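Student: Below you'll find the structure I mean.
Protein chains: 2
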Amino acid sequence: MEATPLDERKQQILKAVVSDYTVTGVPVGSQVLAAKYFIALSSATIRNELADLVGTGYLQQPHTSAGRVPTDRGYRYFVDFLMDPEAASPTVRRTVKQAFETAPHSVEGILEKAAMVLAQITENVSLVTAPETSEARIKHIDLVSLESQSVLIILVLEGNLIKQTVIRLERATSQDDLSRMAAMLNRKVKGQTAEELLSRLQQLGPDRDEQRQILERVIDSISTHQAQRQSVVLHDGVRNLLRHPEFVEVNRLEELLELLEQGAQLAGILQQVAFDKDVEIIIGRENTSSGLRECSLVLTTYKMDERVRGTIGVIGPTRMHYGQVVARVRLVSQATSELLGPLGN
Amino acid sequence: MEATPLDERKQQILKAVVSDYTVTGVPVGSQVLAAKYFIALSSATIRNELADLVGTGYLQQPHTSAGRVPTDRGYRYFVDFLMDPEAASPTVRRTVKQAFETAPHSVEGILEKAAMVLAQITENVSLVTAPETSEARIKHIDLVSLESQSVLIILVLEGNLIKQTVIRLERATSQDDLSRMAAMLNRKVKGQTAEELLSRLQQLGPDRDEQRQILERVIDSISTHQAQRQSVVLHDGVRNLLRHPEFVEVNRLEELLELLEQGAQLAGILQQVAFDKDVEIIIGRENTSSGLRECSLVLTTYKMDERVRGTIGVIGPTRMHYGQVVARVRLVSQATSELLGPLGN
DNA sequence: GTTAGCACTCGCGGATCGAGACTGCCAATA
DNA sequence: TATTGGCAGTCTCGATCCGCGAGTGCTAAC
């Protein structure tokens, strides 16, 4: 099990096993390998190599007289060192383009389309988080009086993201007063983040003016509201899972559905995707969550601008065509960023 | 197959078959019926009656030597005439109460909770539409300048529902001008529906003032935006389907998932639910949609106030415990209405 | 109209079995 | 020493078969 570096031929064999297995779904044996990938070698030679690869933990066999199947470790080695870079086919590019052409010009609409088309072209379940807005600049604030002491705060952030919260005040305040405050805030607030706004307000020192108190409440609520991490995860394409033979076992499907429907745990995973890396792949048991034991995630990020970003990717069985999925996730991520960018002004 | 009115005993037998089958899932035979429900009768007598019920189309048998199973027609007769009214158990009431206690005080949050708890207590997939707002009164309007000629219209309706649209103007308009217009609109608009607003504006006759033009565009877009029917359908509890033996057949599940994920067709069905009826039940092939061939829908409506209402219910296999599901759908609908009501001021 | 009895049908689950696919090992080979 | 052909052994999978049990329809008696 120790990390023996693989010699060239073992690498090629591992690569062939992974490639073949991901498309056929059938454990691959020494004869097929010899016939399809290594005409120069005999099946017996390959058998020896295969036995070694099992010994070092890159492959396993479902039962004594079956072919070999990659382990998580095998997949990991494959995606790290062996995978050929692929580009999305023109057909796929066209599909994506067409999908986005009919998308509405709102952030939510675009993200929904992205989830839809990504699920479609990868034949897996797509995942998309709403953009992280804690560092987004504020564009517009509006205060609306609801019942006597409740105030609805509407926040328009860059990218035309709209956020809303309700706060309760200690005493009733008229809509006129609120409008005046909103106007004032709008003058001061343009192009700042909530944190900046908060610190600027504190610089002014304590001041018992009633209006200031309300303002503090408002700004405070804005900043805490923004601080709480996004837990909304869009997903699409659950029906695709049914086509994969690994999910005829209903329990796996059920575990996965539960994760998708509650969302919180997935949100945690998606938020850990680094913004600087290209595409991140998490394979099988590398996942902390036991429900994802037999699943892989292929994730990357999209961005509206430098500060406002989110995660996008797919989840599917560990046996997936990684090269292709990576290319397509990247494609959709880029297309999404391009569409969202212009909204960010 | 003609509509023979069923005599008392046949009704009782049909009722017993439906009741037993919905809980056991096993075709029910004459002996079980005699033992469990009709001790006074012999199994032979019951066999005769069963044969009649098959002849008139209320029952069917999967194969020659199996028990009987209700047809769609049998279920229909059951829910129309035979079903005992049930009340939700204290345990269930408590579950619902607790679920809503942790719900956020927003319309979306409450509806999501409703979908969640309804799925949980009925062990089926829940469906909830966003409230129909075309007749809702407008509470507040805000206009935000985006890029040069784009304007974001934010509409706060009664119940604190927030709607947003973007329109493009013929020429650039400053945020100050927009704010002035918004203030003006807010004075005029309070407590009116978009239609009322539109007609009032038209009464004033043609007027080439530029500001008026913009206002017309704004109001027009508001009213058309509101007019388009809600197609958003929340759903929850897909994992529950996996527990039902009727969905081991993966094709059915896939058809159903497709309907859920695209949403439009379901939205059409849900919108046809009458606002005056109590609970509406659609059984199997009564559905126009072929994907719902083997499913039943139990639907009702909730309301925020007299004008703002939506649909809520569940979808599950035709073999469901109708009495219980009806009671629980009704319960959640009422609880939802009660929670949303106070927000409607 | 109801019932007991009986022959008959049919699906389901378990047992059995042979074919096929691979492997591991060994001895021969280059 | 690395590679290869040969071979015996292992294990899964699918087909087939069979008997049990459940349930029916029919008939004749009550």
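Protein chains in written order, with the numbering used here: chain S, 12 to 356; chain F, 12 to 356.
Even glycine gets a Cβ: it sits at the ideal position worked out from N, Cα and C.
A quick note: this is a predicted structure, and the numbers were derived from the prediction, not measured.
Report yes if the C-beta distance between Val80(S) and Pro38(S) is below 8 angstroms; otherwise report no.
Tutor: As a working mapping, residue 80(S) is identified with position 69 in the first sequence. As a working mapping, residue 38(S) is identified with position 27 in the first sequence. A contact, by the Cβ cut-off of 8 angstroms.
Student: Can you grab the Cα-Cα spacing for the pair His74(S) / Phe286(S), in whole Å?
Tutor: Along the first sequence, one-based indexing puts residue 74(S) at 63. Along the first sequence, one-based indexing puts residue 286(S) at 275. Cα-Cα distance, rounded: 42 angstroms.
Student: If you follow the alpha helix (DSSP H) that Asp63(F) is in, where does it begin and where does it stop?
Tutor: As a working note, residue 63(F) is residue 52 in the second sequence. From DSSP, the alpha helix (DSSP H) with Asp63(F) extends over 54–66.
Student: Please report the straight-line C-alpha distance between Ile294(S) and Ala46(S), rounded to a whole angstrom.
Tutor: For the purposes of this step, residue 294(S) is identified with residue 283 of the first sequence, where counting begins at 1. For the purposes of this step, residue 46(S) is identified with residue 35 of the first sequence, where counting begins at 1. Inter-residue distance for Ile294(S) and Ala46(S) is about 29 angstroms (C-alpha atoms, whole angstroms).
Student: Where does Met315(S) land, buried or exposed, given buried means 16+ other C-beta within 10 angstroms?
Tutor: Position 304 of the first sequence, counted from the first residue, corresponds to residue 315(S). Result: buried.
Student: Just the C-alpha distance for Gln203(F) and Glu269(F), rounded to the nearest angstrom, thanks.
Tutor: Mapped onto the second sequence, residue 203(F) falls at position 192. Mapped onto the second sequence, residue 269(F) falls at position 258. So the alpha carbons of these two residues sit roughly 39 angstroms apart.
Student: Beta-carbon of Glu227(F) versus every beta-carbon of chain S: anything under 8 angstroms?
Tutor: Here the question's residue 227(F) lines up with position 216 in the second sequence. For Glu227(F), the answer is no, since every Cβ of chain S falls outside 8 angstroms of its Cβ.
Student: In or out: Met195(S) buried (at least 16 other Cβ within 10 Å) or exposed?
Tutor: For the purposes of this step, residue 195(S) is taken as the residue at position 184 of the first sequence. With fewer than 16 other Cβ atoms within 10 Å, it is exposed.
Student: Assuming contact is defined by CB atoms lying nearer than 8 angstroms, are Glu260(S) and Gly302(S) in contact in what I supplied?
Tutor: As a first step, residue 260(S) must be located in the first sequence, where it is residue number 249. As a first step, residue 302(S) must be located in the first sequence, where it is residue number 291. Against a cut-off of 8 angstroms, the Cβ pair of Gly302(S) and Glu260(S) comes out as no contact.
Student: Residues of chain F with CB under 7 angstroms from Val261(S), in chain order?
Tutor: Sequence index remark: in the first sequence, residue 261(S) carries index 250 (1-based). Residues of chain F passing the Cβ test: Leu253.
Student: With burial defined as no fewer than 16 other Cβ atoms inside 10 Å of the residue's Cβ, what is the status of Gly120(S): buried or exposed?
Tutor: Within the first sequence, the letter at position 109 stands for residue 120(S). Answer is exposed; the Cβ neighbour count stays below 16.
Student: Give the residues of chain S in contact with Arg250(F), contact being defined as C-beta atoms less than 7 angstroms apart.
Tutor: Taking the first residue of the second sequence as 1, we reach residue 250(F) at position 239. For the C-beta of Arg250(F), the chain S residues within less than 7 angstroms are, from N- to C-terminus, Glu265, Leu268, Glu269, Glu272.
Student: Let me make sure I understand the geometry here. Which of Cys306(F), Gly40(F), Arg84(F) has the alpha-carbon closest to that of Gly68(F)?
Tutor: Residue 68(F) sits at position 57 when you count from the first residue of the second sequence. Closest option to Gly68(F), Cα to Cα, is Arg84(F).
Student: Identify the contact partners of Ile173(S) in chain F, using a Cβ-Cβ distance below 9 angstroms as the criterion.
Tutor: The residue you call residue 173(S) lines up with position 162 of the first sequence. Simply Leu163, Ile165, Ile173, Gln175.
Student: Count the other CB atoms within 10 Å of the CB of Ser137(F); is the residue buried (16 or more) or exposed (fewer)?
Tutor: Locating residue 137(F) in the second sequence gives position 126, where the first residue counts as 1. Burial is judged here by how many other beta carbons sit within 10 angstroms of a residue's own beta carbon; Ser137(F) has at least 16 and is buried.
Student: Within 10 Å of its beta-carbon, does Lys288(F) have 16 or more other beta-carbons around it, so buried, or fewer, so exposed?
Tutor: Position 277 of the second sequence holds residue 288(F). Lys288(F) is exposed by the Cβ-count criterion.
Student: Could you say which of Val128(F), Ser54(F), Lys150(F) lies nearest to Ala110(F) if we only look at CA atoms?
Tutor: Counted from its first residue, the second sequence places residue 110(F) at position 99. Among Val128(F), Ser54(F), Lys150(F), the Cα nearest to that of Ala110(F) belongs to Val128(F).
Student: By the three-class DSSP mapping on this structure, what secondary structure does Glu13(F) have?
Tutor: Within the second sequence, residue 13(F) is the residue found at index 2, counting from 1. Confidence in Glu13(F) is poor, its pLDDT being 49 and thus under 50, which makes the residue's placement unreliable; the coordinate value appears in the next sentence. Coil.
Student: Within 10 Å of its beta-carbon, does Ile50(S) have 16 or more other beta-carbons around it, so buried, or fewer, so exposed?
Tutor: For the purposes of this step, residue 50(S) is identified with residue 39 of the first sequence, where counting begins at 1. Result: exposed.
Student: With a threshold of 16 other CB atoms inside 10 Å of the CB of Arg148(F), please say whether the residue is buried or exposed.
Tutor: If you number the second sequence from 1, residue 148(F) lands on position 137. Around the Cβ of Arg148(F), a 10 Å sphere holds 16 or more other Cβ atoms; the residue is buried.
Student: Beta-carbon within less than 6 angstroms of Val155(F)'s beta-carbon, same chain only, minus the 5 sequence neighbours each way: which residues are those?
Tutor: Here residue 155(F) corresponds to residue number 144 of the second sequence, with the count starting at 1. If we look at Val155(F) and ignore the five residues flanking it on each side, its Cβ neighbours are Leu163.
Student: Per DSSP, what kind of secondary structure is Ile50(F) in: helix, strand or coil?
Tutor: Stepping through the second sequence from its first residue, residue 50(F) is reached at position 39. If DSSP states are grouped into helix, strand and coil, Ile50(F) belongs with coil.
Student: Take Glu297(F) and list the residues in its own chain whose beta-carbon comes closer than 7 angstroms to its own, dropping the five residues that flank it on each side.
Tutor: The residue given as residue 297(F) occupies position 286 in the second sequence. Excluding positions up to five away in sequence, the list reads Asp83.
Student: Can you look up Tyr313(S) in the DSSP assignment and give me helix, strand or coil?
Tutor: Residue 313(S) sits at position 302 when you count from the first residue of the first sequence. Assigned with DSSP and collapsed to three states, Tyr313(S) falls in strand.
Student: Taking 7 angstroms as the limit between beta carbons, can you name the residues of its chain near Asn251(S), skipping five residues before and five after?
Tutor: Locating residue 251(S) in the first sequence gives position 240, where the first residue counts as 1. Ala130, Glu134, Asn135, Val136.
Student: If you measure beta-carbon to beta-carbon, which residues of the region 120–154 of chain F are closer than 9 angstroms to chain S?
Tutor: Met127, Ala130, Lys150, His151, Asp153
Student: Determine the extent of the alpha helix (DSSP H) in which Glu349(F) is found, giving its start and end residues.
Tutor: Position 338 of the second sequence holds residue 349(F). It spans 333–351 - the alpha helix (DSSP H) in which Glu349(F) sits, taken as one unbroken run.
Student: Helix, strand or coil for Lys108(S), going by three-state DSSP, please let me know.
Tutor: In the first sequence, counting from the first residue as 1, residue 108(S) sits at position 97. Of the three classes helix, strand and coil, the one that applies to Lys108(S) here is helix, per DSSP.
Student: Could you tell me the boundaries of the beta strand (DSSP E) in which Thr176(S) lies?
Tutor: Indexing the first sequence from 1 puts residue 176(S) at position 165. Taken as a continuous stretch (DSSP letters only), the beta strand (DSSP E) holding Thr176(S) covers 172–179.
Student: Under 8 angstroms, do Leu180(F) and Lys174(F) count as touching if we go by C-beta distance?
Tutor: Taking the first residue of the second sequence as 1, we reach residue 180(F) at position 169. Taking the first residue of the second sequence as 1, we reach residue 174(F) at position 163. Pairing Leu180(F) with Lys174(F) gives a Cβ-Cβ distance that is not under 8 angstroms.
Student: Just list the residues that DSSP pairs Val136(S) with in beta bridges.
Tutor: Mapped onto the first sequence, residue 136(S) falls at position 125. Its beta-bridge partners are Ile326(S).
Student: Please name the residue or residues paired with Pro142(S) in a DSSP beta bridge.
Tutor: In the first sequence, counting from the first residue as 1, residue 142(S) sits at position 131. Under DSSP, Pro142(S) forms no beta bridge with any residue.
Student: State the DSSP-derived secondary structure class of Arg148(F), mapped to helix, strand or coil.
Tutor: The residue given as residue 148(F) occupies position 137 in the second sequence. Assignment of Arg148(F) by DSSP, reduced to helix, strand and coil, places it in the coil class.
Student: Classify Met12(S) as buried or exposed, calling it buried when 16 or more other Cβ atoms lie within 10 Å of its own Cβ.
Tutor: Mapped onto the first sequence, residue 12(S) falls at position 1. Bear in mind that the predicted position of Met12(S) carries a pLDDT of just 46, short of 50, making it too unreliable to give a figure here.
Student: Taking all protein chains shown into account, do 16 or more other C-beta atoms lie within 10 angstroms of the C-beta of Arg320(F), making it buried, or fewer, making it exposed?
Tutor: Here the question's residue 320(F) lines up with position 309 in the second sequence. With 16 or more Cβ atoms within 10 Å of its Cβ, Arg320(F) is classed as buried.
Student: At a CB distance below 9 angstroms, what residues from the region 305–321 of chain F approach chain S? Give them in sequence order.
Tutor: Listed in sequence order: no entries.
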